[in-house]
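Have a look at the structure below before the remarks.
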Amino acid sequence: MLEAHAHHQLKALLRREGLGGQEPWPHQLSLCRLVARSLRRGDHTLVRLAPGTDPGWLLGLLVPLALSDTPIALVLSPTLRQRLLQVELPRLAASGLALPCHEGPEPEGARLWLLSIEELLQAWRSASLAGRQLVIPEAEQLDARLRAGLALKISGPDWDRLARAHPAAAPALAELHARLTRQVMAHPGGDRRPLPLAPEDEAPLRQLLALLQPLPEPWRRWQASGGDAWVSWATLEASRQDQGPPVVWSLHRQPLEPLHLLQGLFEGRGVVLVAELAGSTATSAGNEGRGLGLSPDVCVDLGEPPLADPLPVYAPLRQPLPNSPRYGEHLLEQCRRLVLGQAGLTLVLLDDEGLRLSLTSGLAAEFGSRVVHEATTPEANGVICARWCWWLDHQQRLPLPGQIVVGLLPIASLEDPLTAAQVLALRRQGRDWFRERLLPDGLTRLQLAVTGLRSQGGRLAILDGRLRGRSWGRQVLRALEPWMNLSRLLPH
Numbered sequence: 402m403l404e405a406h407a408h409h410q411l412k413a414l415l416r417r418e419g420l421g422g423q424e425p426w427p428h429q430l431s432l433c434r435l436v437a438r439s440l441r442r443g444d445h446t447l448v449r450l451a452p453g454t455d456p457g458w459l460l461g462l463l464v465p466l467a468l469s470d471t472p473i474a475l476v477l478s479p480t481l482r483q484r485l486l487q488v489e490l491p492r493l494a495a496s497g498l499a500l501p502c503h504e505g506p507e508p509e510g511a512r513l514w515l516l517s518i519e520e521l522l523q524a525w526r527s528a529s530l531a532g533r534q535l536v537i538p539e540a541e542q543l544d545a546r547l548r549a550g551l552a553l554k555i556s557g558p559d560w561d562r563l564a565r566a567h568p569a570a571a572p573a574l575a576e577l578h579a580r581l582t583r584q585v586m587a588h589p590g591g592d593r594r595p596l597p598l599a600p601e602d603e604a605p606l607r608q609l610l611a612l613l614q615p616l617p618e619p620w621r622r623w624q625a626s627g628g629d630a631w632v633s634w635a636t637l638e639a640s641r642q643d644q645g646p647p648v649v650w651s652l653h654r655q656p657l658e659p660l661h662l663l664q665g666l667f668e669g670r671g672v673v674l675v676a677e678l679a680g681s682t683a684t685s686a687g688n689e690g691r692g693l694g695l696s697p698d699v700c701v702d703l704g705e706p707p708l709a710d711p712l713p714v715y716a717p718l719r720q721p722l723p724n725s726p727r728y729g730e731h732l733l734e735q736c737r738r739l740v741l742g743q744a745g746l747t748l749v750l751l752d753d754e755g756l757r758l759s760l761t762s763g764l765a766a767e768f769g770s771r772v773v774h775e776a777t778t779p780e781a782n783g784v785i786c787a788r789w790c791w792w793l794d795h796q797q798r799l800p801l802p803g804q805i806v807v808g809l810l811p812i813a814s815l816e817d818p819l820t821a822a823q824v825l826a827l828r829r830q831g832r833d834w835f836r837e838r839l840l841p842d843g844l845t846r847l848q849l850a851v852t853g854l855r856s857q858g859g860r861l862a863i864l865d866g867r868l869r870g871r872s873w874g875r876q877v878l879r880a881l882e883p884w885m886n887l888s889r890l891l892p893h
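With positions in the sequence shown counted from 1, the corresponding number in the numbering used here is that position plus 401.
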């Protein structure tokens, strides 16, 4: 059977590489057999890894792909694609395993088709996937990447293009654009917060577009989307007095549940999903596959071995809550103490833009050019202030910090239109939106962000008062186990 053949080949490969002193990921053979079994049976399999698992696990996925005769579509992020081409394919070739990868348009008879998310969407729209089985690593990001692939954006040049296509409607378009401009400018969040657009806010635009046919892109797709399955908002992108229009803003639209719009993507074909999910997400009752778009026939956890070294965590009692008037002052004072007690690189994470920029300025006033905002070339003893998503995107290209300071836990804000719409949809279904959506997503991001600290001997500081002041804070601490409490700061 394919399982036994793949197991034998991978074991021989690891044995040869082991002679060079390399330590393989401990679950390689288990992952290899699971993937081979799923390919042979054509079922739906979900394999859950611990957040921050070494990317060497990819080898266990690829060996059965190289040995299977099944037509496969392998969907990879740019980072994993680069690892596949530069690291894993040479490893397979050195062991005598060939894995031909077809890239580009629909292949003629090619067994393995390598796709990005955008190419997957195009293949689905053109019915090019046929009977191919889908293999999707990093499936924890599938929902967000599909949503980004389906996202629509209307900016200034698009309005001009529509006016040129329908000159008679130019005055009406100009009036509507001016009305929306006033609405965006009146939004209290300014350029820091997006303006949610309710259906009644969009109604005049939708009615006008219905009279203008044919519509140029992206207006045609904008008019075809909408309804309860989509969420729309406007963002103020810039304010320029000397160049171009004084106000530059854009309209955005994304699907709430992108997999609901891709009916049939997982139906009638085998699917293998490999996802890095937080422990509480993985063990929640009835949560298998939720948010990943399928109810798996097989669901297996391949976590890391027990962690021996506890992570030092500094989280003082009775910290103010983020909505407290003195929270900004508390954040600055604690960050100052943490930076003074640390000789290496410090990373400060918080998503609130106003707080983050204010904190960056306050720290720069004391520590000078050592303090940077989302820069990839920090000093050895520097301080990086950044959003969570920025760090998760760039951490592989940055030195490991000696300490990470969590200004705000990565719990999505209801001020974000997409999050607010998702929460509203869950509320209408009578579901626990916080423990089903916001908390699991936040725990996964937290674990991914701090994965390198333990091996580096670094420390974690959590300055968010909700950790001790809310009942769900215990789940956050469980996600960090094993950890040890730092009751006071010592030079590190």
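By construction, the Cβ of each residue, glycine as well, lies at the ideal position given by its N, Cα and C atoms. Bear in mind that the values here come from a model prediction, so they are computed numbers and not experimental data.
For residue i, the three-state DSSP class (helix, strand or coil)
{"i": "residue 605", "result": "helix"}
{"i": "residue 446", "result": "strand"}
{"i": "residue 466", "result": "helix"}
{"i": "residue 502", "result": "coil"}
{"i": "residue 560", "result": "helix"}
{"i": "residue 586", "result": "helix"}
{"i": "residue 555", "result": "strand"}
{"i": "residue 617", "result": "coil"}
{"i": "residue 812", "result": "coil"}
{"i": "residue 719", "result": "coil"}
{"i": "residue 491", "result": "helix"}
{"i": "residue 403", "result": "helix"}
{"i": "residue 479", "result": "helix"}
{"i": "residue 426", "result": "coil"}
{"i": "residue 567", "result": "coil"}
{"i": "residue 857", "result": "helix"}
{"i": "residue 851", "result": "coil"}
{"i": "residue 713", "result": "strand"}
Whole-angstrom distance between residue j and residue i, CA atom to CA atom
{"i": "residue 849", "j": "residue 793", "result": "7 Å"}
{"i": "residue 427", "j": "residue 807", "result": "31 Å"}
{"i": "residue 771", "j": "residue 720", "result": "27 Å"}
{"i": "residue 559", "j": "residue 631", "result": "20 Å"}
{"i": "residue 404", "j": "residue 412", "result": "12 Å"}
{"i": "residue 844", "j": "residue 867", "result": "14 Å"}
{"i": "residue 651", "j": "residue 601", "result": "18 Å"}
{"i": "residue 553", "j": "residue 634", "result": "11 Å"}
{"i": "residue 526", "j": "residue 874", "result": "43 Å"}
{"i": "residue 627", "j": "residue 621", "result": "12 Å"}
{"i": "residue 561", "j": "residue 607", "result": "17 Å"}
{"i": "residue 869", "j": "residue 717", "result": "8 Å"}
{"i": "residue 595", "j": "residue 753", "result": "13 Å"}
{"i": "residue 618", "j": "residue 579", "result": "21 Å"}
{"i": "residue 756", "j": "residue 860", "result": "23 Å"}
{"i": "residue 484", "j": "residue 458", "result": "11 Å"}
{"i": "residue 802", "j": "residue 574", "result": "51 Å"}
{"i": "residue 605", "j": "residue 629", "result": "17 Å"}
{"i": "residue 664", "j": "residue 729", "result": "46 Å"}
{"i": "residue 888", "j": "residue 638", "result": "43 Å"}
Close-in-space but distant-in-sequence residues of the same chain around residue i (CB under 7 Å, 5 per side omitted)
{"i": "residue 548", "result": "655, 656, 659"}
{"i": "residue 550", "result": "518, 519, 522"}
{"i": "residue 490", "result": "500"}
{"i": "residue 410", "result": "464, 468, 498"}
{"i": "residue 415", "result": "425, 429"}
{"i": "residue 886", "result": "714"}
{"i": "residue 695", "result": "445, 667, 672"}
{"i": "residue 503", "result": "511, 513, 514, 515"}
Assumed close pair residue i, residue j - CB separation to whole angstroms, cut-off 8 Å
{"i": "residue 516", "j": "residue 524", "result": "7 Å"}
{"i": "residue 865", "j": "residue 815", "result": "Not really, about 16 Å apart at Cβ, beyond 8 Å."}
{"i": "residue 432", "j": "residue 703", "result": "6 Å"}
{"i": "residue 474", "j": "residue 543", "result": "So it is not a contact: roughly 13 Å between Cβ atoms."}
{"i": "residue 597", "j": "residue 818", "result": "4 Å"}
{"i": "residue 854", "j": "residue 712", "result": "6 Å"}
Chain-order list of residues whose beta-carbon lies under 6 Å from that of residue i (same chain, five-residue window excluded)
{"i": "residue 774", "result": "761, 786"}
{"i": "residue 862", "result": "715, 739, 806"}
{"i": "residue 434", "result": "404, 408"}
{"i": "residue 417", "result": "none"}
Closer than 7 Å to chain B by CB, residue i
{"i": "residue 755", "result": "The displayed structure is made up of one protein chain only, and chain B is not part of it."}
Cβ shell of residue i (< 8 Å), same chain only, five flanking positions each side left out
{"i": "residue 687", "result": "For residue 687, the pLDDT reaches just 45, beneath the cut-off of 50, and the residue's location in the model is therefore unreliable, leaving the point undetermined."}
{"i": "residue 612", "result": "570"}
{"i": "residue 890", "result": "715, 738, 739, 742"}
{"i": "residue 681", "result": "With a pLDDT of 48 at residue 681, under the threshold of 50, the modelled position of that residue is not reliable, and the figure given next carries that caveat. If we look at residue 681 and ignore the five residues flanking it on each side, its Cβ neighbours are 840, 841, 844, 876, 879, 880."}
{"i": "residue 699", "result": "435, 438, 439, 444, 445, 446, 447"}
{"i": "residue 768", "result": "740, 784"}
{"i": "residue 546", "result": "478, 518"}
{"i": "residue 847", "result": "679, 807, 810, 811, 877, 880, 881"}
query = Can at least three beta-carbon pairs, one atom from the stretch 662 to 674 and one from the stretch 429 to 442, be found at a separation below 8 Å?
reply = yes
query = Would you call the stretch 733 to 748 and the stretch 453 to 466 in contact, with 3 or more CB pairs under 8 Å?
reply = no
inquiry  = Quick test of the definition: if touching needs 3 or more C-beta pairs under 8 Å, does the stretch 867 to 884 touch the stretch 737 to 757?
reply    = no
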